[in-house]
Amino acid sequence: MSHGSDLVHLWTDESYPESVVANGGVFAWKDGRENPDTCVAVVTYPKGFLYTYKTVFGNSYRSFSRIQGRDGTIANYGGEGASLFTVSSEGGRSEYDGSVPETSLPINAPVGDHEEIVKVAGAEQPNSEGPGDDSVIHVTNWLKSMQSRVQPNANVNHGFSHSIVIIMAAQSYWSGQKLYWDPRSEEIVDHPVSS
5 MSHGSDLVHL WTDESYPESV VANGGVFAWK DGRENPDTCV AVVTYPKGFL YTYKTVFGNS
65 YRSFSRIQGR DGTIANYGGE GASLFTVSSE GGRSEYDGSV PETSLPINAP VGDHEEIVKV
125 AGAEQPNSEG PGDDSVIHVT NWLKSMQSRV QPNANVNHGF SHSIVIIMAA QSYWSGQKLY
185 WDPRSEEIVD HPVSS
């Protein structure tokens with residue numbers, strides 16, 4: 005969830021949530037563990053959108069992320085760091101006419117929604133696997149940042165920002181409460197914070 009919330013913050017230019025609520029349990033691996041093997045967290049942001057995170061360790065269905073906006077959908081297929089993204093107008097304003105598009109396998113956006121793979125000049129070809137455990141990309145960025153005295157791609161503020169989300173989700177799960185972030189006092193509280 006830390007990587008997912010970090011991407012949400014990157015894509016939306018948000019730094020912290022407004023509220024978080026989480027639920028789940030040990031449903032698949034009944035081996036004495038305390039932490040859930042299945043959970044969902046719903047994060048509300050000040051700009052007025054939800055980030056929903058779900059993990060199900062009892063099922064290995066392929067990983068994906070989806071951003072459903074007013075003008076269409078961005079989808080990412082694969083594990084953490086996978087570079088296979090598609091964009092389409094599916095689900096956007098033009099689909100409010102009441103019709104339901106036909107679906108076929110594999111599930112792709114309807115032809116009229118113009119789904120296309122995102123390609124970035126100079127980047128590797130998109131793939132659904134993401135970097136392996138032995139990838140040196142992050143360590144290299146960190147070392148080069150120290151040598152050049154330039155901020156790394158992800159600095160301490162990014163870490164703090166997505167840590168807020170993770171800590172709130174964990175505390176919500178364990179307490180059974182919806183929790184709120186007070187940006188002025190930088191505290192997790194159990195009541196809505198007025199602006």
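Just so we're aligned, residue 5 is where the sequence shown starts under our numbering, counting upward by one. Here a beta-carbon is modelled for each residue, glycine too, at the ideal position from N, C-alpha and C.
Simplified DSSP assignment, three categories, for residue i
i, result
"Ala79", "strand"
"Tyr20", "coil"
"Gln72", "strand"
"Gly96", "coil"
"Gly29", "strand"
"Val154", "coil"
"Val115", "helix"
"Ala174", "helix"
"Val122", "coil"
"Phe164", "helix"
Cβ neighbour criterion (16 or more within 10 Å) applied to residue i
i, result
"His118", "exposed"
"Ile168", "buried"
"Tyr65", "exposed"
"Val160", "exposed"
"His142", "exposed"
"Val12", "buried"
"Trp15", "exposed"
"His195", "exposed"
Cβ distance (whole Å) where residue i is taken to contact residue j below 8 Å
i, j, result
"Val115", "Phe89", "Going by Cβ atoms, the distance from Val115 to Phe89 rounds to 19 Å, so no, they are not a contact pair."
"Tyr49", "Ser9", "The pair is not a contact, with the Cβ atoms about 10 Å apart (cut-off 8 Å)."
"Arg70", "Thr77", "6 Å"
"Ser176", "Leu183", "5 Å"
"Ala86", "Ser139", "Ala86 to Ser139, Cβ: 12 Å. No contact."
"Glu120", "Val91", "6 Å"
C-beta contact flag for residue i and residue j at 8 Å
i, j, result
"Met172", "Val24", "yes"
"Thr42", "Ala32", "yes"
"Ile192", "Met5", "no"
"Tyr81", "Phe61", "no"
"Pro187", "Tyr20", "yes"
"Gly96", "Arg74", "yes"
"Pro156", "Asn145", "yes"
"Arg37", "Val44", "no"
Residue-chain proximity (residue i, chain B), Cβ-Cβ < 8 Å
i, result
"Ala158", "The chain inventory of the structure shown lacks chain B, comprising one protein chain alone."
DSSP bridge partner residues for residue i (one or two, in chain order)
i, result
"Trp146", "For Trp146, which the question treats as bridged, DSSP gives no partner whatsoever."
Closer than 7 Å: residue i CB and nearest the ligand COA heavy atom
i, result
"Asn27", "The ligand COA is not part of the structure shown, which contains no ligands of any sort."
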